[in-house]
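Below is one structure, written out as structure tokens; the observations come after it.
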Amino acid sequence: MKKLGLLSVLLVATSVNAETFEVNIPELQNEAKGVIKELATTLGGELKKAKKSGGAPAAITVCNTKAGPLTALVNSKSDWEISRTSLKLRNPENAPDQWEKAALEEFDKKANIGANLEKLAFSQVVVDEEGRKVFRMMKAIPVAEQCLACHGSKIKPELAEHLQKLYPEDKATGFSQGELRGAFSLKKYL
Ligand code: HEC
20 MKKLGLLSVL
30 LVATSVNAET
40 FEVNIPELQN
50 EAKGVIKELA
60 TTLGGELKKA
70 KKSGGAPAAI
80 TVCNTKAGPL
90 TALVNSKSDW
100 EISRTSLKLR
110 NPENAPDQWE
120 KAALEEFDKK
130 ANIGANLEKL
140 AFSQVVVDEE
150 GRKVFRMMKA
160 IPVAEQCLAC
170 HGSKIKPELA
180 EHLQKLYPED
190 KATGFSQGEL
200 RGAFSLKKYL
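No gaps in the numbering here: position 86 of the sequence shown is 105 in the working numbering, and each next residue is one more.
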């Protein structure tokens, strides 16, 4: 994954003035970048290994059974929570919450007018329902060439069948390279 580049910090009415809490936003954004990089590298590595040993169906199993635990692994090593979400879901369990959905819709709009997805990110300090302050960040995930085998429009029949069985409500197919696939979503309680 490329460097994050410029982060856009949009402030909306519900946001908290970060200075009030002496929150170092650039530092949090940098930490978040590191966590995303670690997860993206681990996931990519696991996919490659599985493909070599058992072809794409094995890779699906990795994605299906390991993405969760891997995410947990990254999480357990830090006080960050990280997940992946999308407006076009494969696994309904990855559905976005309200905050994530709004950010994804904003990314989608920007993608439609030609924004560079590699640089699309959004962060905000918010107060959750229990009154806890939380730093939240989303970073867009563009579709790369190696994603098309499982998210593109020409998925091999045996793979498509396998996916259909695991994810009967799969909406994450038919993507082209460079399109917005979804986003990494991170949280850190302050
Ligand atoms: C071998 C098949 C395979 C490949 C290759 C693959 N994925 Fe997936 N992807 C899956 C499966 C299976 C899931 C559902 C995982 C789960 O159950 O949480 C998934 C889920 C996701 C999600 C979580 C949101 C959702 O729809 O549930 C994102 C985001 C995602 N993939 C992006 C990518 C990107 C980006 C690439 C390329 C870098 C990629 N995938 C490559 C099979 C694949």
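Note that CB positions come from ideal geometry on N, CA and C, so glycine has one too.
> What is the C-beta distance between C2 and L182, in whole angstroms, given that I count them as a contact (C-beta under 8 Å)?
Replying inline: The question about residue 2 has no answer here: the residues shown for the chain are numbered 20 through 209.
> Which of the three DSSP states, helix, strand or coil, is assigned to V54?
Replying inline: Here residue 54 corresponds to residue number 35 of the sequence shown, with the count starting at 1. V54 falls in the helix class under three-state DSSP.
> Under a Cβ-count criterion, where at least 16 other Cβ atoms within 10 Å of its own Cβ denotes burial, should S105 be classed as buried or exposed?
Replying inline: Here residue 105 refers to the residue found at position 86 of the sequence shown. Buried, by the Cβ-count rule.
> Is it true that the stretch 124–133 meets the stretch 95–104, where meeting means three or more beta-carbon pairs spaced less than 8 Å apart?
Replying inline: By the Cβ criterion, the stretch 124–133 is not in contact with the stretch 95–104, since fewer than three pairs of Cβ atoms, one from each stretch, lie closer than 8 Å.
>> On the CB-based measure, 16 or more other CB atoms within 10 Å of its CB, does E46 come out buried or exposed?
In response: Here residue 46 is taken as the residue at index 27 of the sequence shown, counted from 1. So E46 counts as exposed.
>> Let me confirm a value: K52 is counted as buried when at least 16 other C-beta atoms fall within 10 Å, else exposed. Which label applies?
In response: Residue numbering aside, residue 52 sits at position 33 when the sequence shown is read from its first letter. Buried.
> By DSSP, does S95 sit in helix, in strand, or in coil?
Replying inline: Numbered from 1 along the sequence shown, position 76 holds the residue referred to as residue 95. S95: helix per DSSP, three-state reduction.
> DSSP state of V31, grouped into three classes?
Replying inline: Here residue 31 is taken as the residue at index 12 of the sequence shown, counted from 1. With a pLDDT of 39 at V31, under the threshold of 50, the modelled position of this residue cannot be trusted, and the question is left open.
> Beta carbon of V93, beta carbon of L209: below 8 Å?
Replying inline: Numbered from 1 along the sequence shown, position 74 holds the residue referred to as residue 93. Numbered from 1 along the sequence shown, position 190 holds the residue referred to as residue 209. Result no, Cβ atoms of V93 and L209 do not sit closer than 8 Å.
> How is the beta strand (DSSP E) around Q143 delimited, first residue to last?
Replying inline: Translated into positions along the sequence shown, residue 143 becomes position 124. First-last of the beta strand (DSSP E) with Q143: A140 to V146.
>> Within a Cβ cutoff of 7 Å, which residues of the same chain sit near P111, ignoring the five residues on either side of it in sequence?
In response: What you label residue 111 is simply residue 92 of the sequence shown in a count that begins at 1. E188, listed in sequence order.
> For L199, which residues from the same chain have a beta carbon less than 7 Å from its beta carbon, with the 5 sequence-adjacent residues on both sides left out?
Replying inline: Locating residue 199 in the sequence shown gives position 180, where the first residue counts as 1. So the qualifying residues of the chain are F126, D127, A130, L136, A159 and P161.
>> Check for me: the beta strand (DSSP E) holding P161 runs from which residue to which?
In response: As a working note, residue 161 is residue 142 in the sequence shown. It spans K152 to P161 - the beta strand (DSSP E) in which P161 sits, taken as one unbroken run.
> Can you tell which of Q196, Q165, L139 and F194 has its C-alpha closest to the C-alpha of I79?
Replying inline: Along the sequence shown, read from residue 1 onward, the residue named residue 79 stands at position 60. Minimum Cα distance to I79 is reached at Q165.
> Buried or exposed: which applies to K207, given that a residue is buried once 16 or more other Cβ atoms fall within 10 Å of its Cβ?
Replying inline: The count along the sequence shown starts at 1 and reaches residue 207 at position 188. The residue is buried, with at least 16 neighbouring Cβ atoms inside 10 Å.
>> Can you check which of these residues, A69, W118, T60 and I44, is closest to D147 by C-alpha distance?
In response: Position 128 of the sequence shown, counted from the first residue, corresponds to residue 147. Residue W118 holds the alpha-carbon nearest to the alpha-carbon of D147 among A69, W118, T60 and I44.
> Tell me which same chain residues have a C-beta within less than 8 Å of the C-beta of A202, skipping the five on either side of it?
Replying inline: Numbered from 1 along the sequence shown, position 183 holds the residue referred to as residue 202. Apart from the 5 residues on each side of it in sequence, A202 sits with its Cβ closer than 8 Å to the Cβ of R103, T104, S105, E119, A122, L123, F126, M157, K158, A159 and I160 in its chain, given in chain order.
>> Tell me the rounded alpha-carbon separation between P12 and P76.
In response: Coverage of the chain is limited to positions 20 through 209, which leaves residue 12 absent and any answer about it impossible.
> So R155 packs on S142, CB below 8 Å; how close in whole Å?
Replying inline: Locating residue 155 in the sequence shown gives position 136, where the first residue counts as 1. Locating residue 142 in the sequence shown gives position 123, where the first residue counts as 1. Indeed they touch by this definition, with Cβ atoms about 7 Å apart.
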